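Undergrad:
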Amino acid sequence: MDHLTRPEGCEPEDFHLSRRAAAGLFFAGYALAAVSAKATPVVTSADGLKVERADIPNGAATPLPAYVARPANGGRHSAIVVVNEIFGIHDYIKDVCRRLARLGYVAVAPDFFYRSGVNLPALSDIAQIRPIVAQATPEQVDSDVRAATAWLKARPFAKPGHIGITGFCWGGSVVWRSAMVNPDIRAGVAWYGQLKPLIPRAAELRAPVLGLYGALDKGIPQTDVEAMRAALSAAGKKGSEIRVYPDAEHGFHADYRASYNEKDARDGWARMLAHFRKNGVA
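When we follow our numbering, the leftmost residue of the sequence shown carries the number 102, and every step to the right adds one.
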């Protein structure tokens, strides 16, 4: 991962929380381990939206906390599960939810790392973050996604048969897996998620996935991208595809980071919305 700076004036110990407090709080600000002092992040207004915290039953002693943004008007809306990077639920992920809500979606971002009791966005050392993220096993995360989609199906403001999923970095891999194991998912959009462990499982896809990747990504080799393309083709998954941006790095959609590429981020966003519309998440 690129070396990233944190804004002046804050130290991570200022934000360390007890297990109980961390499980009940979404970080106010951008992830300290990733934010660039030179960034000018997009900030989306909550006017006309209903923004709230939800506690989603998932079989654990403490339910799964989630940030939810949706249109404030009545009626049912298509829904999108938003899966964070390794930094947890911070202002970038919340803003993505509000952007989707302003387009008429119900957007829900579960806090998949809440069991650790650690406020991940407040940590400035990536070496502290990685082992905590590793505790969230694929099986546990996939189960939490199923809990989120079941919760959405039971909400009076969501369309039960029109649920999609999108995710960034760590969350991109979650998208691919969810499209394999979760029958509630109609379509997925993965932003630069790791592919290597998923290539042999391409035939398991139940829902079409659009993958958005950067050719300059130092962590995801183009050989993996080509291998996944070949696996999708061999499995006859015609609705799934991967778009590679020649000038984009890892994290090119993350407008709070130095890797942000506005042109490619905008193009990827438009392709994401088109993919959802094409596959019944609209």
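Here a beta-carbon is modelled for each residue, glycine too, at the ideal position from N, C-alpha and C. Note that the coordinates shown come from a computational prediction; the quantities given were computed from them, not determined experimentally.
Identify, in the order they occur along the chain, each residue of the same chain with its Cβ nearer than 6 angstroms to the Cβ of aspartate 365, setting aside the five sequence neighbours on each side.
TA: Residue numbering aside, residue 365 sits at position 264 when the sequence shown is read from its first letter. The answer, listed in chain order, is Tyr346, Ala349, Phe353.
Undergrad: May I ask you to list the residues that DSSP assigns as paired with alanine 208?
TA: Residue numbering aside, residue 208 sits at position 107 when the sequence shown is read from its first letter. Answer is Ala170, Ile181, bridged to alanine 208.
Undergrad: Run through the DSSP bridge pairs and tell me what tyrosine 346 is partnered with.
TA: As a working mapping, residue 346 is identified with position 245 in the sequence shown. Answer by DSSP bridge pairing, in chain order: Gly315.
Undergrad: Between alanine 167 and isoleucine 157, which are expected to be in contact by the criterion C-beta below 8 angstroms, what is the C-beta distance as a whole number of angstroms?
TA: Locating residue 167 in the sequence shown gives position 66, where the first residue counts as 1. Locating residue 157 in the sequence shown gives position 56, where the first residue counts as 1. With 8 angstroms as the limit, alanine 167 and isoleucine 157 qualify as a contact, their Cβ atoms being about 6 angstroms apart.
Undergrad: Going along the chain, which residues of its own chain have a beta-carbon closer than 6 angstroms to the beta-carbon of methionine 329, five neighbours each way excluded?
TA: Here the question's residue 329 lines up with position 228 in the sequence shown. These residues qualify, in order along the chain: Leu296, Ile300.
Undergrad: Quick one: what does DSSP say histidine 376 is sitting in, helix, strand or coil?
TA: Taking the first residue of the sequence shown as position 1, residue 376 is located at position 275. Three-state result, histidine 376: helix.
Undergrad: Rounded to the nearest angstrom, how far is the Cβ of alanine 210 from that of isoleucine 190, given a contact under 8 angstroms?
TA: Mapped onto the sequence shown, residue 210 falls at position 109. Mapped onto the sequence shown, residue 190 falls at position 89. Between isoleucine 190 and alanine 210 the Cβ distance is about 6 angstroms, and since that is below 8 angstroms, they are a contact.
Undergrad: In the DSSP assignment, the beta strand (DSSP E) including valine 290 goes from what residue to what residue?
TA: Taking the sequence shown and counting its residues from 1, the one referred to as residue 290 is at position 189. Its beta strand (DSSP E) spans residues 286–292.
Undergrad: For valine 382, which residues in the same chain have their Cβ closer than 6 angstroms to its Cβ, ignoring the five residues on either side in sequence?
TA: As a working mapping, residue 382 is identified with position 281 in the sequence shown. Ser179, His263, Gly265, Arg287, Ala288, listed in sequence order.
Undergrad: Look up glutamate 153 in the DSSP assignment and say whether it is helix, strand or coil.
TA: What you label residue 153 is simply residue 52 of the sequence shown in a count that begins at 1. If DSSP states are grouped into helix, strand and coil, glutamate 153 belongs with the strands.
Undergrad: Do you know offhand how far serine 360's Cα is from aspartate 226's?
TA: To locate residue 360, count along the sequence shown from 1; it is residue 259. To locate residue 226, count along the sequence shown from 1; it is residue 125. Taking the straight line from one Cα to the other gives about 18 angstroms.
Undergrad: For alanine 138 and cysteine 270, I'd like the C-alpha separation in whole angstroms.
TA: Locating residue 138 in the sequence shown gives position 37, where the first residue counts as 1. Locating residue 270 in the sequence shown gives position 169, where the first residue counts as 1. Taking the straight line from one Cα to the other gives about 21 angstroms.
Undergrad: When you compare only the Cα positions, how much space is there between alanine 228 and proline 164?
TA: Taking the sequence shown and counting its residues from 1, the one referred to as residue 228 is at position 127. Taking the sequence shown and counting its residues from 1, the one referred to as residue 164 is at position 63. The alpha-carbon atoms of alanine 228 and proline 164 are separated by roughly 27 angstroms.
Undergrad: Have a look at Arg367, Asn380, Lys379 and flag the residue whose alpha-carbon is nearest the alpha-carbon of valine 197.
TA: The residue labelled residue 197 in the question sits at position 96 within the sequence shown. Of the listed residues, the one whose Cα sits closest to valine 197 is Arg367.
Undergrad: Go ahead and label lysine 339 buried or exposed: buried means 16 or more other beta carbons lie within 10 angstroms of its beta carbon, across all protein chains shown.
TA: For the purposes of this step, residue 339 is taken as residue 238 along the sequence shown, with counting starting at 1. So lysine 339 counts as exposed.
Undergrad: Tell me whether glutamate 418 is buried or exposed, calling it buried when 16 or more other Cβ atoms sit within 10 Å of its Cβ.
TA: The structure shown has nothing for residue 418, since the chain only spans 102 to 383.
Undergrad: Counting only runs that start and end within the stretch 231–302, where is the beta strand (DSSP E) found for 3 or more residues in a row?
TA: 259–269, 286–292
Undergrad: Do you know whose CA, among Arg358, Asp243, Ala259, Ser217, lies nearest arginine 231's CA?
TA: Within the sequence shown, residue 231 is the residue found at index 130, counting from 1. Considering only alpha carbons, the answer is Ser217.
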